[in-house]
Each structure stands twice: as structure tokens, then as C-alpha cells.
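Working notes, structure below.
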Amino acid sequence: MPMSFPLYALPEEHQMLRETVRALADEKIAPRAAEADETGEFPWDVYKALVAADLQAIHVPEEYGGAGGDALAAVIVIEEVARACASSSLIPAVNKLGTVPLLLSASEELKQRYLAPVARGEAMFSYALSEAEAGSDAASMKTRAVADGDHYVLNGAKMWITNAGVSEYYTVMAVTEPGAGARGISAFVVEKSDEGVSFGPKEKKLGIKGSPTRQVILEDVRIPASRMIGAPGTGFKTALATLDHTRVTIAAQALGIAQGALDYAIGYVKERKQFGKAIADFQGVQFMLADMAMKLEAARQLTYAAAAKSELAMHGEPQADLTFFSSAAKCAASDAAMEITTDAVQLLGGYGYTSDYPVERMMRDAKITQIYEGTNQIQRMVMARQLLK
Ligand code: CAA
Ligand code: FAD
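By this note's numbering, the letter at position 160 of the sequence shown is numbered 164, and the numbering carries on one by one without gaps.
Below, the structure written as C-alpha cells:
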């Protein structure tokens, strides 16, 4: 019987991209992962290797000097880098997070000015929404931007900002109309070199230690009004619309971490002998592996479906269910990653619990994917709102 539709498969160019990134990750990123975790130093050599391969921000469109990779390409890059080193995968992920607000809402002038350096690998871009007292309830932020002639003056402190200090540019959400709630928030581009910008100490974290997380402190930072992204009062919508696209990239990070742990565990159980045979011969072990792979593949399919919707939405095609799909993908993939990495540690027994093996790092790295870009409770709230509206 003739097939009425092609079997689902990744396009060939995406498969080739995966092979390229995996080779680079195996050669240049995996050997650096344990050290980045131990020292907490940002892996500049990994950044340079990603830039040399044009992978640090593959999503930037060609008209701004980028590689013009689609959402699925960005997912594959992040997934494959995360398989080797979760901290390093935040380079392409946060470059995307910081710049999507511009792609969605900024003037052509801002896009030309700020996207090209990211595409060339001369600058990284972070995203500053959260504050110490405004995490899940992001709209309750206090950072203020006050108009002053043709400038705005920003004051406040953004907390938990990934790659703060190593990024040159920051998308900063701030209140321009107090009392107007989410409609009183605007988005701006702030530069590291702007007078009055400083950074808090590096947070001491459970995982992703090679990616700095710091406060971005804004003290009378005076910037031209032309650095506002979109119209006054649209910053919160831009911030949430951005997360609709980038929660897919956190799902990708979770997939990569989980794949790294599964691959390692499979290799280990074939080698490790107890009771006179490889532990892979025990059905109890086999069933664990089967469950791990099943959860991973289910999350991967959901993530790729979300990426397809993200790509269409980025090009103006209405994708009413992107909000649902991106939250679902992030939630499913991060929960799967936590379970899979925990099981990988279990499969390595006592050895898995030591830093002589990579799976304990992967388990620690997986945890953050359930927390950032909105906790998984918030993802469930977002999904439920979509279902009930
Ligand atoms: N796209 C565009 N606009 C949206 C939207 C979306 N997906 N969802 C809501 N909006 C609009 C609403 O329509 C509303 O606008 P109007 O008033 O004009 O109708 C406005 O935004 C406010 O919406 P809500 O009333 O629904 O907002 P809320 O205050 O109830 O909050 C929330 C909603 C889902 C809880 C949101 O605050 C949220 O996502 N919180 C989690 C924060 C988060 O994810 N932070 C991530 C920080 S980045 C990070 O963590 C980076 C990293 O790890 C690397
Ligand atoms: P809270 O909002 O205080 O939540 C505490 C607990 O309460 C959570 O379990 C939460 O799910 C639960 N909760 C809250 N509200 C509800 C509700 N309505 N229903 C049910 N449960 C609820 N932010 C940025 O802007 N940019 C970044 O680059 C960035 N990078 C980060 C990197 C790291 C390593 C970390 C730890 C955080 C980062 N964040 C970043 C912030 C991150 O997005 C927030 O930590 C996250 O959104 C949760 O906010 P919170 O920490 O204030 O927790």
C-alpha cells in the first residue's frame, strides 16, 4: 500500500548538524566538563571552539550575520553540547534567550546593532527578568526605568542572571509605569560597559557550575530611549513570548544531560561484573535501561514538536498551542532528565556517587532544568491555563 505521508524523521541537514556538534563536543567539550564543574570557571576555550564552528548562536538570522539555523537546529546544538557539558550548553541557550526579545520586538536598528556581534562571536547576550523577590511572580519586579528626556535611567537588581559578567549585553525588564502591573513593564538592552552596571558575586550552586549566575546591579544606569525593545509597556509580553520559544531550549538541555547519563550507564553495565556476569545481564538492570530510554525518547519527540511550532511562530504563523507545547516539553524533558540521571547514578552503584565518574555531575546539572525558565509547577500552571481558557 502506498504511504500517504512520510515516516517521521529528522531532515538530513539536521542529522548532519548533530554529527558535527557531537564530534566537536566529544573532542573539545567533554574533556573540559569535569574541570569546569570543579573550578567553577567559565570555559572560554569551549566558547572559542563553538564560535570557530559557528555554533554559539546558530539561531541568529542570516540578515544579521548569523547562520540562520531554525529552532530545531538550535535544539540539536544545545542537546549535543549538553550531552557533554551542561554548563557549556548555556552558551548557545542563553545567547538565544537574550536575543529572542530583539528578534520578536526590537527596532531594525537595535537588531542590526546587537545581533551581529553575537553572530560573530564577539559578544554574548543574557536575559534579566528575575529578581530576589520576583521569581515565579515575575510581574512583581521592582527594577525601575524612569524616562529622562530622550534617555531612561534604570535602578534595581536582577537576580540569578545566567552568564552575567561574561555577557556583553543584557535584555533587562523594568517597570516604566508603576501600578500598571504587567502592562507597566518595558524591556531594554543594557550593556556591560554602561556606567552604573555591576555584578554580584557568583552564586555557589549545586550544578551548572561552569556557567556564572550573578546579580546584575543597576545604579543610575542612563541609556538612550532607543534601547527600549518594542513599545513602552510591552516588555512583560515580550519576556513571556520569548520564554515560549526558549523553554524548548531548556528541554533540549535536559535531553542532552539525560542522553549523556544513559549512554554512560549503558557502557558501564556491559563492563561491570557481579555474581560472575555483566550486570547488564540482569533483567532488573535491563528494565531500568528500557524505562530510561523510553522516557527520554518520549520527551525528545515532544521537544522536537515544540521546536517545530516555535519555528513557525517565529515566522509569524499563528501557533496558538506553542505556549502549551513549550511548557510541556520543558516540564517533560526536565522531569525525565532528573529521573534518568538519578537512575544512572544507581546503575553505577557506589562508583556513580563519586566524582571519578560523570553521572553524579549530570544528576546535579539536571536539577536546574526543573527550576529555571519557570519552575515545573509554573509550567503546569501555564499548561492548565491554556487548557481551561
Ligand atoms: N506570550 C505573550 N504574552 C503573554 C503570554 C505569552 N506566553 N502569557 C501571558 N501573556 C500576557 C497576558 O496576556 C497578559 O497581558 P494583558 O494583561 O495585556 O492581557 C500579561 O502577559 C500578563 O499575563 P498573566 O496575567 O498571565 O501574568 P501572571 O503575572 O499571572 O504571570 C506566569 C504568568 C506564567 C506565572 C509568568 O510570570 C511566568 O512565566 N513566571 C515564571 C518566570 C520565568 O519563567 N522566569 C524565567 C527567567 S529566565 C531563566 O530562568 C533563564 C535561565 O534559566 C537560563
Ligand atoms: P519562587 O518563585 O520563590 O518559588 C519557590 C517555590 O514555590 C517553587 O517550587 C515554585 O514552583 C513554587 N511556586 C511559586 N509560585 C507558585 C504557584 N503559583 N503555584 C505553585 N507553586 C508555586 N532568571 C532570569 O531572569 N535570567 C536568568 O538567566 C536566570 N538564570 C538562572 C540560573 C540559575 C542557576 C537559577 C537558580 C535561576 C535562574 N533564573 C534566571 C531565575 C529562575 O528563573 C527562578 O529561580 C525561577 O523562575 C523560580 O523563581 P524563585 O527562585 O524566585 O522561586
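All C-beta atoms, glycine included, are put in the ideal place defined by N, C-alpha and C.
Residue M177 holds the alpha-carbon nearest to the alpha-carbon of A235 among A37, A302, M177. For ligand 1, a non-hydrogen atom lies closer than 7 Å to the CB of M385. Between A317 and the set E17, V104, L21, the nearest pair of CA atoms involves V104.
Set against 7 Å, the gap from the CB of I382 to the closest heavy atom of ligand 1 is smaller.
If you draw a straight line from the Cα of A97 to the Cα of T147, it is about 25 Å long. Around the beta-carbon of F240, 16 or more other beta-carbon atoms lie within 10 Å, marking it buried. Unbroken alpha helix (DSSP H) runs of no fewer than 4 residues, entirely contained in the segment 18–77, are found at 34–43, 48–56, following chain order. Sixteen is the threshold: since fewer than 16 other Cβ atoms of the shown chains lie within 10 Å of the Cβ of K393, the residue is exposed. For V55, the CB contacts under 6 Å within the same chain, skipping 5 residues up- and downstream, are G125 in chain order.
When C-alpha distances from A309 are compared across L222, V79, V363, the shortest belongs to V79. One thing to note: I254 has its Cβ within 8 Å of the Cβ of T373. Taken from the Cβ of V98, at least one heavy atom of ligand 1 lies inside 7 Å. For R218, the three-state secondary structure derived from DSSP is strand. Between the alpha carbons of T180 and L259 lies a distance of about 38 Å.
By the criterion of a C-beta distance shorter than 6 Å, D347 is surrounded in its chain by M292, M296, once the five residues flanking it on both sides are discounted. Look at the beta carbons and you see the segment 83–99 touching the segment 35–54: at least three pairs across the two are nearer than 8 Å. A distance criterion of 7 Å places the beta-carbon of S144 beyond contact range of ligand 2, judged by its closest non-hydrogen atom. Inter-residue distance for P182 and G188 is about 6 Å (C-alpha atoms, whole angstroms). Remark: the shortest separation between the CB of K241 and any heavy atom of ligand 2 does not fall under 7 Å.
The nearest non-hydrogen atom of ligand 2 is 7 Å or more from the C-beta of W48. Our two residues, Q323 and M366, have alpha carbons roughly 33 Å apart in a direct line. Taken through DSSP and simplified to helix, strand or coil, V170 comes out as coil.
Exclusion of K196 from the 7 Å shell around ligand 2 follows from its C-beta lying no nearer than that to any non-hydrogen atom of the ligand. Only exposed fits P15, as fewer than 16 other CB atoms lie within 10 angstroms of its CB. A direct Cα-to-Cα measurement between V201 and A294 gives close to 50 Å.
Counting C-beta pairs with one atom in each stretch, the segment 214–221 and the segment 151–170 have three or more that are closer than 8 Å, which means they touch. Across the structure, Q287 and R276 are spaced so that their CA atoms are roughly 15 Å apart.
Taking a cut-off of 8 Å for Cβ pairs, the segment 331–343 and the segment 369–388 touch, as three or more such pairs fall below it. In summary, P205 is exposed, with fewer than 16 beta-carbon neighbours lying within 10 Å of its beta-carbon over all protein chains present.
Shown here, T175 sits in a strand according to DSSP, grouped into three states. In the structure shown, F203 adopts extended strand secondary structure according to DSSP, grouped into three states. Taking all protein chains shown into account, S140 has fewer than 16 neighbouring C-beta atoms within 10 Å of its C-beta and is therefore exposed. Beyond the five residues adjoining it in sequence on each side, A34 comes within less than 7 Å, by CB distance, of A88, C89 in the same chain, given in chain order. DSSP, reduced to helix, strand and coil, places E16 within a helical segment of the structure shown. Remark: the C-beta of A132 is in contact range of ligand 2, defined as less than 7 Å to any heavy atom. DSSP places S359 in the coil class of the three-state scheme, outside both helix and strand.
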